[in-house]
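**Student:** If you read the protein sequences in the order shown, they are chains C and X. Mapping the first sequence onto the numbering used here, position 126 (from 1) lands on 128, and the numbers just tick up by one. Mapping the second sequence onto the numbering used here, position 100 (from 1) lands on 102, and the numbers just tick up by one. Cβ coordinates follow ideal geometry from the N, Cα and C atoms, glycine included. The structure is given below, and queries will be raised subsequently.
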Amino acid sequence: MILDSILDILTGVFLLLGGFLSVAAGVGLLRFPDAIARLHATTKPQILGLAFVLLAIALQERQLSTILLLIFLLIFQMITAPVSAHMIARAGYRGGIIAPHSLLVDELEQAIDAAPEFDDTEPGSE
Amino acid sequence: MSPQDDQPASVAASTNPTASESASARKVSRTEVRGRVWKQLPLLLGLVVLWGVLWGQFSWLNILTGFLVAIAVTRVLYLPPADISGRLNLWYSLVFIAHFIADVTVASFTVAFQALNPRPIPTSSVIAVQLRTRSDFVMTLDAIAMSLVPGSIVVEVDRERAILYFHTFDTTTAAAVEAMRAKVLVVEARIVRAIGSKDDLARIHETEATR
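This is the structure in structure tokens:
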């Protein structure tokens, strides 16, 4: 009985934390200046937010099959989220959608400027 | 066990002039294939467990069909094998995971509060980080780990020179940029200590000794 109520309270706390992170992600989506900065707000706090919600479910449904399923859910989220974030960030950088004056330093631009001129006669280059 | 098992060997037998050469070629490919199957075993087992989880039960029929589906999937959707060193230090793996969970938790709330903070949004940076590893696998794990920690996203990867380009949030000073760079290298060192090859490990020790 006491264990059950402790678990219920923990579940509530985890759900609230997950909800808070999701709300913050939504606010960040509105406030941050460009697509890449928005990625910081949406992909990241959301991982922990999801982890909190899954933890809350695991505390209520204490069965091995459920917990295994939740673990797989989290793993796939952790594998796919960086990939999609990277694809958007890469496309965003190349598309030049970074808000002006939002960067302190840009070492990728320096590296591109320093690179030798691209030689498109080289075989197998495209 | 894989397409390489008989096809290239038989092609080699038909094109190679001498029988001994083709025999040695076949022997090499056999041991290679055996190593490849061994390396794929964790992936296969993971897929079988996933199959069982999706069905919600682990009956013998499920395990059998799981294996069949896992083999079919890995054959049809063939990916080049990841170059895994084969070394695994359990203690340092736990250290990495513990640090990782702590990093994600702290940084998630930091970014969340920055989003809610009414002050202007801090400036970001794009920084280049020269990694010390020569392994694609370690580089990928480092990129994923840093991507999951809020405040840094991989914008571009220079695989040849092992340079990762990060978009980092809230780097308003040069000191913050350097702190971020150090952070990436610390995470890399943790991953190498957990699963990296001996060469990578030596390189990490070398740079840390000279620092």
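1. Less than 8 angstroms between CB atoms is the rule here; does residue 107 of chain X satisfy it with respect to chain C?
2. List the residues of chain X whose Cβ lies closer than 8 angstroms to the Cβ of residue 1 of chain C, in chain order.
3. So, at 7 angstroms on beta carbons, what are the nonlocal neighbours of residue 157 of chain X in its own chain, with the 5 sequence-adjacent residues on each side left out?
4. Is there a Cβ of chain C sitting closer than 8 angstroms to that of residue 82 of chain X, yes or no?
5. State the start and end residues of the unbroken alpha helix (DSSP H) segment that holds residue 114 of chain X.
6. Counting only beta-carbon atoms, is residue 55 of chain X nearer than 8 angstroms to chain C?
7. At what residue ranges does the region 126-167 of chain X contain a whole run of the beta strand (DSSP E), taking only runs of 3 or more?
8. Could you confirm whether any beta carbon from chain C is found closer than 8 angstroms to the beta carbon of residue 300 of chain X?
9. Near residue 69 of chain C, which residues of its chain fall below 6 angstroms by C-beta distance, leaving aside the five closest residues on each side in sequence?
10. Comparing the C-beta of residue 108 of chain C with each C-beta of chain A, is any distance below 8 angstroms?
11. To the nearest angstrom, report how far apart residue 64 of chain X and residue 148 of chain X are at their CA atoms.
12. Could you list the residues in the region 52-70 of chain C with a C-beta less than 7 angstroms from some C-beta on chain X, going in chain order?
13. Tell me the residue span of the alpha helix (DSSP H) that contains residue 54 of chain C.
14. With a threshold of 8 angstroms between beta carbons, is residue 187 of chain X in contact with chain C?
**Tutor:** Taking the geometry as given:
1. The sequence position of residue 107 of chain X within the second sequence is 105, counting from 1. Yes, its Cβ sits closer than 8 angstroms to a Cβ of chain C.
2. Chain C is shown from 3 up to 128; residue 1 of chain C falls before or after that span and cannot be answered.
3. Translated into the one-based positions of the second sequence, residue 157 of chain X becomes position 155. For residue 157 of chain X, where only same-chain residues beyond five positions count, the Cβ hits under 7 angstroms are 128, 167, 168 and 169.
4. In the second sequence, the residue the question calls residue 82 of chain X occupies position 80. Not an interface residue.
5. Looking up residue 114 of chain X in the second sequence gives position 112. For residue 114 of chain X, the enclosing alpha helix (DSSP H) begins and ends at 92-118.
6. The residue labelled residue 55 of chain X in the question sits at position 53 within the second sequence. Among the residues facing chain C, residue 55 of chain X is included, as its CB has a counterpart in that chain under 8 angstroms away.
7. Entirely contained in the region 126-167 of chain X, the beta strand (DSSP E) runs reaching 3 residues are, in chain order, 126-132 and 154-160.
8. Given a span of 3 to 213 for chain X in the structure shown, any question on residue 300 of chain X remains unanswerable.
9. Along the first sequence, one-based indexing puts residue 69 of chain C at 67. Result list for residue 69 of chain C: 60, in chain order.
10. This model lacks chain A altogether, as its protein chains are C and X.
11. Looking up residue 64 of chain X in the second sequence gives position 62. Looking up residue 148 of chain X in the second sequence gives position 146. For residue 64 of chain X and residue 148 of chain X, the distance between alpha carbons rounds to 37 angstroms.
12. Result list: 67 and 70.
13. Position 52 of the first sequence, counting from 1, holds the residue named residue 54 of chain C. Residues 37-62.
14. Within the second sequence, residue 187 of chain X is the residue found at index 185, counting from 1. Output row for residue 187 of chain X: interface = no.
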